[in-house]
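Counting from 1, position 54 in the sequence shown corresponds to residue 53 in numbering that gives the first Met the number 0; the numbering is continuous, with no gaps. Ideal Cβ positions, reconstructed from N, Cα and C, are used throughout, including at glycine.
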Amino acid sequence: MDFLIIDDDKSFRDASCLLIDGEGHYAESAASAELGLSRLKEDKFDAVLLDLLLGGQSGLDVLSQILAQQPNLPVVIFTAHGTLKNAVEAMRRGAVDFLEKPFGRE
């Protein structure tokens, strides 16, 4: 599978790419919503891992933009600031899952 990781935290992006690559998949990262949306227009990915807080931008708004471009693309929201309210809203907007940082291989 090919994953796109959209997160403004470089160390988390790098670690996530290493984890995914280590499992035999391909991972590419984008440091901002704009870069991530651009990459999605240029290449095909099987899934997106999207940070809930992207600097001054809400990952939930970016989620809506991603799904407007590619309605069937699985998007997983992740955050270090997880709340039940955020998880419910992410799922309501079309995320397939919601993970709290840090997360492991499982």
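Selection Q64, K9, R92 evaluated against A32 yields Q64 as nearest (Cα-Cα). A direct Cα-to-Cα measurement between L51 and E41 gives close to 23 Å. Taken atom to atom, the span from the alpha-carbon of V87 to that of L62 is near 14 Å. Taking 8 Å as the cut-off, the Cβ atoms of I5 and A26 do not count as close.
Within its own chain, the residues whose Cβ lies closer than 7 Å to the Cβ of D7, once the five positions on either side in sequence are excluded, are A30, S31, D50, L53, G54, listed in chain order. Excluding its 5 nearest sequence neighbours in each direction, L66 has C-beta neighbours in its own chain below 6 Å: G93, listed in chain order. Assigned with DSSP and collapsed to three states, Q68 falls in helix. Boundaries of the beta strand (DSSP E) harbouring S28: 25-29, taken from the DSSP string. C-alpha of G21 to C-alpha of K84: approximately 33 Å in a straight line.
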